[in-house]
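Residue numbers (the numbering used here): -14 to 104. Backbone N, C-alpha and C fix where the C-beta goes; we use that ideal spot for every residue, glycine too. Have a look at the structure below, then the notes.
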Amino acid sequence: MQQVRITSVATRDPRLKGLKNEAREQVVQTIKEEIAQELLRWLVTQPPDSYDALPEDSPLRSNLRPGDHFNALLRLLSGDIHAGSPVEILHTILLGLIKYVWHYTNTPWKDKQCESFAI
(Lines of atoms letter the chains of each structure in order from A and count residues from 1; the text may use other names and numbers.)
(Lines give C-alpha, C1' and ligand atoms only; values in the text may rest on other atoms or scores of the structure.)
Protein backbone atom coordinates (compact mmCIF):
# COMPACT_ATOMS: atom_id res chain seq x y z
CA MET A 1 0.00 0.00 0.00
CA GLN A 2 2.87 2.37 0.72
CA GLN A 3 4.27 1.74 -2.73
CA VAL A 4 0.93 2.59 -4.33
CA ARG A 5 0.37 5.74 -2.28
CA ILE A 6 3.92 7.03 -1.85
CA THR A 7 6.42 5.54 -4.30
CA SER A 8 4.61 4.80 -7.56
CA VAL A 9 4.48 7.88 -9.81
CA ALA A 10 1.22 6.81 -11.47
CA THR A 11 -0.73 6.26 -8.24
CA ARG A 12 1.08 8.54 -5.78
CA ASP A 13 -0.94 10.66 -3.36
CA PRO A 14 -1.51 14.14 -4.85
CA ARG A 15 -0.43 15.78 -1.56
CA LEU A 16 3.18 14.78 -2.39
CA LYS A 17 3.32 16.77 -5.63
CA GLY A 18 6.06 19.38 -5.53
CA LEU A 19 7.11 18.72 -1.92
CA LYS A 20 10.74 18.19 -0.92
CA ASN A 21 12.78 17.40 2.17
CA GLU A 22 11.11 18.07 5.53
CA ALA A 23 7.66 18.93 4.17
CA ARG A 24 7.62 15.77 2.04
CA GLU A 25 8.70 13.60 4.97
CA GLN A 26 5.87 14.98 7.11
CA VAL A 27 3.29 14.19 4.43
CA VAL A 28 4.81 10.72 3.90
CA GLN A 29 4.55 10.08 7.66
CA THR A 30 0.91 11.23 7.62
CA ILE A 31 0.15 8.89 4.71
CA LYS A 32 1.83 5.98 6.53
CA GLU A 33 -0.29 6.65 9.63
CA GLU A 34 -3.44 6.75 7.48
CA ILE A 35 -2.49 3.41 5.91
CA ALA A 36 -1.91 1.88 9.36
CA GLN A 37 -5.29 3.14 10.62
CA GLU A 38 -7.05 1.85 7.50
CA LEU A 39 -5.44 -1.59 7.86
CA LEU A 40 -6.36 -1.77 11.55
CA ARG A 41 -9.98 -0.83 10.76
CA TRP A 42 -10.04 -3.58 8.12
CA LEU A 43 -8.42 -6.12 10.45
CA VAL A 44 -10.90 -5.70 13.30
CA THR A 45 -13.79 -6.31 10.88
CA GLN A 46 -12.35 -9.72 9.96
CA PRO A 47 -13.87 -12.29 9.78
CA PRO A 48 -17.02 -10.42 8.68
CA ASP A 49 -19.52 -12.95 10.08
CA SER A 50 -17.96 -12.77 13.55
CA TYR A 51 -17.78 -8.97 13.42
CA ASP A 52 -21.41 -8.62 12.29
CA ALA A 53 -22.55 -10.85 15.17
CA LEU A 54 -21.16 -8.40 17.77
CA PRO A 55 -23.53 -5.83 19.33
CA GLU A 56 -23.10 -2.28 18.04
CA ASP A 57 -21.93 -0.98 21.44
CA SER A 58 -19.47 -3.83 22.09
CA PRO A 59 -15.88 -2.77 22.80
CA LEU A 60 -14.79 -5.85 20.84
CA ARG A 61 -15.85 -4.11 17.62
CA SER A 62 -12.73 -1.92 17.83
CA ASN A 63 -10.18 -4.40 19.22
CA LEU A 64 -8.47 -7.59 18.17
CA ARG A 65 -10.50 -10.55 19.36
CA PRO A 66 -9.05 -13.77 20.76
CA GLY A 67 -10.10 -16.69 18.61
CA ASP A 68 -10.63 -14.46 15.57
CA HIS A 69 -7.27 -12.73 15.31
CA PHE A 70 -4.97 -14.75 17.53
CA ASN A 71 -4.95 -17.95 19.54
CA ALA A 72 -7.11 -17.50 22.64
CA LEU A 73 -4.70 -19.68 24.64
CA LEU A 74 -2.15 -16.84 24.53
CA ARG A 75 -4.34 -14.91 27.01
CA LEU A 76 -3.91 -17.53 29.74
CA LEU A 77 -2.21 -16.08 32.80
CA SER A 78 -0.87 -19.38 34.06
CA GLY A 79 1.68 -21.61 32.50
CA ASP A 80 4.69 -21.02 30.35
CA ILE A 81 4.39 -22.68 26.96
CA HIS A 82 8.16 -22.65 26.57
CA ALA A 83 8.77 -24.47 29.84
CA GLY A 84 6.57 -27.33 28.62
CA SER A 85 8.62 -27.76 25.45
CA PRO A 86 11.82 -29.58 26.34
CA VAL A 87 14.80 -29.03 24.09
CA GLU A 88 15.75 -32.33 22.56
CA ILE A 89 19.44 -32.88 22.01
CA LEU A 90 18.70 -35.02 18.96
CA HIS A 91 16.91 -32.26 17.09
CA THR A 92 18.99 -29.30 18.19
CA ILE A 93 22.52 -30.67 18.04
CA LEU A 94 22.69 -34.02 16.27
CA LEU A 95 20.32 -33.08 13.48
CA GLY A 96 21.24 -29.42 13.55
CA LEU A 97 24.81 -28.26 13.91
CA ILE A 98 26.62 -31.61 13.91
CA LYS A 99 25.31 -32.69 10.50
CA TYR A 100 26.78 -29.55 8.93
CA VAL A 101 30.09 -29.98 10.72
CA TRP A 102 30.28 -33.59 9.55
CA HIS A 103 29.38 -32.65 5.98
CA TYR A 104 31.94 -29.84 5.73
CA THR A 105 34.72 -31.95 7.22
CA ASN A 106 34.04 -34.99 5.05
CA THR A 107 32.89 -33.71 1.68
CA PRO A 108 36.08 -32.05 0.40
CA TRP A 109 38.34 -34.87 1.59
CA LYS A 110 40.31 -37.00 -0.82
CA ASP A 111 40.68 -40.78 -0.33
CA LYS A 112 44.18 -40.32 1.10
CA GLN A 113 42.85 -37.94 3.78
CA CYS A 114 40.07 -40.35 4.67
CA GLU A 115 42.56 -43.21 5.12
CA SER A 116 44.80 -41.19 7.43
CA PHE A 117 41.80 -40.11 9.52
CA ALA A 118 40.36 -43.63 9.90
CA ILE A 119 41.28 -45.66 12.95
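Reference residue i, options the options, closest by Cα
{"i": "residue 52", "options": "35, 41, 42, 62", "result": "35"}
{"i": "residue 10", "options": "22, -9, 25", "result": "-9"}
{"i": "residue 48", "options": "38, 25, 56, 61", "result": "25"}
{"i": "residue 31", "options": "22, 42, 40, 46", "result": "46"}
Sub-7 Å separation of residue i and residue j beta-carbons
{"i": "residue 12", "j": "residue 1", "result": "yes"}
{"i": "residue -14", "j": "residue 16", "result": "no"}
Endpoints, the alpha helix (DSSP H) within which residue i is located
{"i": "residue 94", "result": "Here residue 94 belongs to no alpha helix (DSSP H), and DSSP marks it neither H nor E."}
{"i": "residue 17", "result": "6 to 29"}
{"i": "residue 33", "result": "33 to 38"}
Distance cut-off 6 Å: residue i Cβ against heavy atoms of the ligand SAH
{"i": "residue 13", "result": "Looking at this structure, you won't find the ligand SAH or any other ligand, since it has none at all."}
Those residues which DSSP pairs with residue i across a bridge
{"i": "residue 51", "result": "55"}
Whole-number beta carbon distance between residue j and residue i, since they are thought to touch under 8 Å
{"i": "residue 54", "j": "residue 28", "result": "7 Å"}
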